[in-house]
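Enquirer: Going by our numbering, the first residue of the sequence shown is number 444, and it counts up by one from there.
Don't be surprised by glycine CBs; every beta carbon is placed ideally from N, CA and C.
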Amino acid sequence: MLKINPARPLDPIALTILQAVKRATQETNIATMIVGAIARDILLTHVYGLPV
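Dropping the structure here:
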């Protein structure tokens, strides 16, 4: 599994939203997938350290 580099943390607001979605989907046993620009930004910037 890929992990966010602690040197490049996620925006606190985005992190709060993603955590709330994770809690809600785990409680209801619904599978989720992050897509779109936020997924691109997380991978490029926060995992690999590349500019978007």
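Give me the Cβ distance between L453 and I447, rounded to the nearest whole Å; I'm assuming they're in contact under 8 Å.
Expert: Locating residue 453 in the sequence shown gives position 10, where the first residue counts as 1. Locating residue 447 in the sequence shown gives position 4, where the first residue counts as 1. With a Cβ gap of about 6 Å, L453 and I447 count as contacting.
Enquirer: Taking the alpha helix (DSSP H) that K446 belongs to, which residues open and close that run?
Expert: Stepping through the sequence shown from its first residue, residue 446 is reached at position 3. Run containing K446: none; DSSP gives neither H nor E here.
Enquirer: Can you give the Cα-Cα distance for P449 and H489, rounded to whole angstroms?
Expert: For this step, residue 449 is matched to residue 6 along the sequence shown. For this step, residue 489 is matched to residue 46 along the sequence shown. If you take the alpha carbons of P449 and H489, they lie about 8 Å apart.
Enquirer: Once the 5 residues before and after V495 are set aside, which same chain residues still bring their CB inside 7 Å of it?
Expert: Looking up residue 495 in the sequence shown gives position 52. Correct list, in chain order: R483, D484, L487, T488.
Enquirer: Report the option in A457, R451, M444 whose CA atom is closest to the CA atom of A480.
Expert: Residue mapping note: residue 480 aligns to position 37 of the sequence shown, counting from 1. Taking only the C-alpha atoms, the option nearest A480 is A457.
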